[in-house]
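First residue of the sequence shown? That's 1 in the UniProt record's numbering, and the numbers climb one at a time after it.
Built from N, CA and C at the ideal position, the CB exists for glycine as well.
All of these numbers come straight from a predicted model, not from anything done at the bench.
Since the structure comes first, as structure tokens, the remarks are kept for the end.
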Amino acid sequence: MFTFIIRRLLQTIPVLIGVTILTFGLMHLIPGDPAQIMAGESASPVQVEQMRERLGLNEPVPVQYAKYVSGVVQGDLGSSIRSGRSVTAEISGRFWVTVELAIYSTILSVFIGIIAGIVSATKHYTITDVTIMIIALFGLSMPNFWLGLMLIQWLAIGFEIGPIHTGWFAASGWGSWQQIILPVVTLGTAGAAIIARMTRSSMLEVIGQDYIRTARAKGVKERVVIYRHALKNALIPVVTVVGLQFGGLLGGAVLTETVFAINGMGRLIIDAIRARDFPIVQGTILVFALLFVAVNLLVDIAYRFLNKRIDLN
């Protein structure tokens, strides 16, 4: 196991290098001059050039990239062009907000998705199965930003039905449960739909295996057959989906945090892109990449606990 972890960590190095090259190149292809933005529209060409020199933007792109990578290796992600603060400080103030949002959304997705998938598989080709799959299809089809806006309209701004008013939750911010519920539901809905469909498919495949029929023939209770024998083996592909979903949730957090005015890394990167704040964008994407790699490493390790026959070495 230790050898496997070391090997996987070494494999992440070229991935992270590729991420830095891609983000660095794309940011320099975006129209707009950060020096002009920082100096102001009324600034003279001399002032803009001085600003460009101060920011190091007058050097060749390969030199800028080499300096950036050198700083990253030393733990220095650079300084924000807008605020002048270190990128690490800018990200650290928002990091846990985005991580909490992703974790809560993943928990919601897994809880709802696995339960719905199990119910759908055990009652396949019934009205219950069809209803769950139709709901899952709707959850998968709805863009999270649209769902977020609808939840704000229905449950935050609310409307009155006689003596009942539905404005139960907050429309923006992060911290209290009134602020957490709507963003988590918005971000976790699509993930729950995917997990439900995958769980159903995997459970149906496992339920059709000979050892499940043998267990039933021996008189083992159906609950034990489903939860002890079938579910454990059916979870292996589901765990893969959960790992990939976490990366998707980090990407979805960009829109969700913007819709709900949450001061997380998603909103930080949107504001940085608008301001052409290269260091912030590069640092945030690098952190996203590290999180995604770490989660997928945990998924691979989880395989071993679900199935001892899987060789990680």
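Among Lys218, Ala190, Glu205, Arg200, the one whose alpha carbon lies nearest that of Gly252: Ranking the options by Cα distance to Gly252, first place goes to Ala190.
Three-state secondary structure (DSSP) of Ser86: It is a strand residue.
Own chain, CB closer than 8 angstroms to Val15, minus 5 neighbours either side, in chain order: Ala289, Val293.
In DSSP terms, what Ser79 is bridged to: In the DSSP output, where bridge partners are listed per residue, Ser79 has Ser86.
Cα-Cα separation between Arg52 and Pro34, rounded to whole angstroms: The straight-line gap from Cα to Cα measures roughly 8 angstroms.
Residue span of the alpha helix (DSSP H) that contains Arg228, given as start and end: Run containing Arg228: none; DSSP gives neither H nor E here.
Nearest residue (CA-CA) to Ala102, options Ile207, Val185, Arg216, Gln282: For Ala102, the nearest C-alpha among the options comes from Val185.
Cβ-based neighbour list, Gln36, same chain, cut-off 6 angstroms, excluding 5 preceding and 5 following: Cβ within range, chain order: Val48.
Spatial neighbours of Asp129 in its chain, beta-carbon cut-off 7 angstroms, leaving aside the 5 residues before and after: Cβ within range, chain order: Ser120, Lys123.
Pair within 8 angstroms by beta-carbon distance, Gly25 and Gly283: Cβ atoms of Gly25 and Gly283: not closer than 8 angstroms.
Coil, strand or helix - Arg7 by DSSP: Three-state result, Arg7: helix.
Under 8 angstroms between C-beta atoms of Thr20 and Leu286: Note that the C-beta distance between Thr20 and Leu286 is below 8 angstroms.
Counted within 10 angstroms of its Cβ, other Cβ atoms place His28 as buried (16 or more) or exposed: Under a 10 Å Cβ-count criterion, His28 is classified as exposed, with fewer than 16 other Cβ atoms of the shown protein chains found around its own Cβ.
Candidates Ile226, Gly173, Leu55, Ile6, of which the one nearest Asn263 by Cα: Taking only the C-alpha atoms, the option nearest Asn263 is Gly173.
Limits of the unbroken alpha helix (DSSP H) element including Glu205: Where Glu205 is concerned, the enclosing alpha helix (DSSP H) starts and stops at 177-207.
Whole-Å CB distance - Arg216 paired with Val225, under 8 angstroms assumed: Correct: roughly 6 angstroms between the Cβ atoms.
Exposure of Ile114, with buried meaning 16 or more beta-carbon neighbours within 10 Å: So Ile114 counts as buried.
Residue range of the unbroken alpha helix (DSSP H) whose run includes Tyr125: Counting along the chain, Tyr125 falls outside any alpha helix (DSSP H), and DSSP gives it neither H nor E.
Burial state of Phe169 (16 or more Cβ within 10 Å): Under the 10 Å beta carbon count, Phe169 is surrounded by 16 or more other beta carbons and is classified as buried.
Contact set for Tyr65: own chain, Cβ-Cβ below 8 angstroms, skip 5 residues either direction: Around Tyr65, the same chain offers Thr20, Ile21, Phe24 as residues with beta carbons nearer than 8 angstroms, after the five sequence neighbours per side are excluded.
Residues of its chain near Ala39, where Cβ-Cβ distance is below 6 angstroms and the 5 sequence neighbours each way are ignored: Closer than 6 angstroms at Cβ, skipping near neighbours: Gln47, Val48, Met51.
Residue interval of the alpha helix (DSSP H) (run including residue 314): Beyond the ends of the chain as shown, which are 1 and 313, falls residue 314; an answer cannot be given.
Anticipated Cβ contact below 8 angstroms, Ile207 with Leu182, distance rounded: Contact flag wrong, Cβ pair sits at about 36 angstroms.
Cβ-Cβ distance between Phe145 and Val259 below 8 angstroms: Result yes, Cβ atoms of Phe145 and Val259 sit closer than 8 angstroms.
Gly219 versus Asn233: straight-line alpha-carbon distance, rounded: When rounded, the distance between both Cα atoms is 20 angstroms.
N-terminal and C-terminal residue of the alpha helix (DSSP H) that Ile269 is part of: Counting along the chain, the alpha helix (DSSP H) containing Ile269 begins and ends at 265-274.
Buried or exposed (CB count within 10 angstroms, at least 16 for buried), residue 330: Because the chain here runs from 1 to 313, residue 330 falls outside it and cannot be looked at.
Straight-line gap, Tyr125 to Tyr211 (C-alpha atoms, nearest Å): The alpha-carbon atoms of Tyr125 and Tyr211 are separated by roughly 23 angstroms.
Under 8 angstroms between C-beta atoms of Val242 and Thr106: Yes, the Cβ-Cβ distance between Val242 and Thr106 is below 8 angstroms.
Minimum C-alpha distance to Ile91 - residue among Ile135, Arg267, Leu149: The residue among Ile135, Arg267, Leu149 with its C-alpha nearest the C-alpha of Ile91 is Arg267.
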